[in-house]
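Okay, structure first, notes after.
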Amino acid sequence: MIDVTHITKKFGTITAVDDISFSVGTGEIFAFLGPNGAGKTTTIKMLTTLLKPTQGGIRVNNADPASDQDAVRRSFGIVFQDPSLDDELTAYENMEFHGVLYGIPRVMRRARIEEMLKFVELWDRRDDLAKHFSGGMKRRLEIARGLLHHPRILFLDEPTLGLDPQTRNHIWSYIQNLNKSEGITVFFTTHYMEEADRVAHRVAIIDHGKIVAQGSPQELKVNKNAATLEDAFLAYTGTDIRADSVSGAEAMRQHRRMWRR
Amino acid sequence: MIGSLGQPLLFLVALGFGFGPIYARAGGGNYIFFIAPGVIGMGIIFTAIFGGIELIWDRQFGFLKETLVAPVSRLEIMMGRTLGGATVSCIQGILVFFITLAIGFRPVSMAGLLVAVLFMFLTSLLFTALGTAIASRMEDMTAFPIIINFVIMPLFFLSGSLFPLQGLPKGILWIAKIDPLSYGVDGIRGALTGVYHFGFAADALILAVVAVILLGVGTYLFSQIEI
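Following this line, the structure appears as structure tokens:
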């Protein structure tokens, strides 16, 4: 479903992603792990048509994100780390907008919106403005929205960041159910290693722009003789804290997140 | 929308009644009726630029990502945003027009009113495209006051909105001639009062050409946005 072959991304003199290759099979739940600044976000942006690789090839659902942008965009849904909802619209209207943007015909759209909102248990809040939703509700709404157009792949960037255990539990059970019943491929990043351990079929760890490990959570733990995936992760990537540069927009977003829950 | 009507209303009342007597004595006629189209132009340019600048909010607070990842071309997104922003800005212009009616201003004919609305829309389109073009290059709001004070204010004040363009010193006249808002306001004024400074054809043509150019520039800059 996703094939990444020897891709490199350079920004000027900085190499963010350095000759990495990996594959995600159809129907797989795949965790993409790495310390801050490792190149995770850059890789996801290349998979989701937002950046072009400097070198190398990517196939997503048999299309190239750099040249076949629309074909690739139709085949995935994405839930970003920061909310990308329109706060001034209701939950229903946010879904509707997405449906129009993705060209879903009206009758199908209405049925599908109802189905997805019920799936994430937000149907009775459909006429409430998104700005009144808690962080967890917004995340659930974004998942519902990302799945609206029946994508084959769901990208999730830190889907459970900052959420309480009940919400996290619900979110993973939605995703696992979806994966079992419809065979949706799931590609996610997280810092919650125990979730990756529990949920992912396969895992890749990226560090300093290079893939340092790939395999099932069990394989990684055995390789490093670790009891938990987190211990294995630390064994692969070391325990030094990474420098993380914050852009102006990031700083504003973090500030807003502080005051908005 | 209602809040932003305060500024045009203030200008109309303060300047109109304030300068009215001197202007009339200097042989200019009714000053309030003169600046009414100018005040409409003010409503349009400010609403349009703000509408374009909204892009920065979307970019910072995430909604832009949703549109960039959708199977929709950057051109379509740009056109959608610009037409939407232009509509809001045009409605603002019409609302200001109603305020001018309240203080006694009357258009010269119904046909004139329709032509005026056309000029309002064209002007709105032009400045929304400009706002989006500017916003595409900005990552946050820190440069915003600079844009307002050094670009938008001069464009408004030197556009023949508040004073006639006859007999002006060469420097000011030259700025007015390269200011797109001058042609917008002149078009609105001409349609509503029958008196054009540049002429109907010049106004329409220049507005249309500059609008198309800015849409092109805006689309190009918008397509270069990386998040």
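If you're matching them up, the sequences are chains L and G in order.
Residues are numbered in my numbering as their position in the first sequence, beginning at 1, plus a constant of 5.
Residues are numbered in my numbering as their position in the second sequence, beginning at 1, plus a constant of 74.
Don't be surprised by glycine CBs; every beta carbon is placed ideally from N, CA and C.
Could you name the residues of chain G that residue i contacts, counting a contact when the two beta carbons are closer than 7 angstroms?
| i | result |
| --- | --- |
| P88/L | G136 |
| D91/L | F137 |
| D75/L | P145 |
Report the CB separation of residue i from residue j in whole angstroms; it is logged as a contact under 8 angstroms.
| i | j | result |
| --- | --- | --- |
| V84/L | G151/L | 5 angstroms |
| L229/G | L239/G | Not confirmed; about 14 angstroms, so no contact. |
| T190/L | I158/L | 5 angstroms |
| I49/L | I12/L | With a Cβ gap of about 12 angstroms, I49/L and I12/L do not count as contacting. |
Do we get a CB-CB distance below 8 angstroms when we pair residue i with the residues of chain G?
| i | result |
| --- | --- |
| L106/L | yes |
| R79/L | yes |
| I83/L | yes |
| F16/L | no |
| G253/L | Residue confidence is low: G253/L scores 41 on pLDDT, short of 50, so the model does not pin down where it sits. Its coordinate-derived value is still stated next. So, interface residue. |
Apply the 10 Å Cβ neighbour rule to residue i and answer buried if 16 or more other Cβ atoms are within range, or exposed otherwise.
| i | result |
| --- | --- |
| D245/L | exposed |
| P219/G | exposed |
| E200/L | buried |
| V65/L | buried |
| S221/L | exposed |
| E150/G | exposed |
| R207/L | buried |
| N223/G | exposed |
| I76/G | exposed |
| I123/G | buried |
| I129/L | Per the sequence shown, the amino acid found at residue 129/L is Asp instead of Ile. Exposed: under 16 other Cβ atoms inside 10 Å. |
| T195/L | buried |
| N99/L | buried |
| H137/L | exposed |
Looking at chain L, is there any beta carbon in it that lies within less than 8 angstroms of the beta carbon of residue i?
| i | result |
| --- | --- |
| E140/G | yes |
| A144/G | yes |
Nearest-angstrom Cα distance between residue i and residue j?
| i | j | result |
| --- | --- | --- |
| G290/G | A265/G | 28 angstroms |
| T267/G | P181/G | 6 angstroms |
| G89/L | K139/G | One point to set straight first is that residue 89/L is Ser, not Gly, in the sequence displayed. Their Cα atoms are separated by approximately 7 angstroms. |
| W131/G | L142/G | 15 angstroms |
| S210/G | A237/L | 43 angstroms |
| G44/L | P170/L | 28 angstroms |
| S72/L | G141/L | 35 angstroms |
| G103/G | L89/G | 14 angstroms |
| R247/L | R173/L | 26 angstroms |
| P254/G | E213/G | 26 angstroms |
| G233/L | F35/L | The sequence shown places Thr at residue 233/L, rather than the Gly named in the question. Taking the straight line from one Cα to the other gives about 17 angstroms. |
| R117/L | T46/L | 30 angstroms |
| L166/L | F81/L | 21 angstroms |
| M113/L | L239/L | 47 angstroms |
| V217/L | T18/L | 22 angstroms |
| Y179/L | F124/L | 8 angstroms |
What does residue i reach in chain G if we use C-beta pairs closer than 9 angstroms?
| i | result |
| --- | --- |
| L55/L | K139, L142, V143, E300, I301 |
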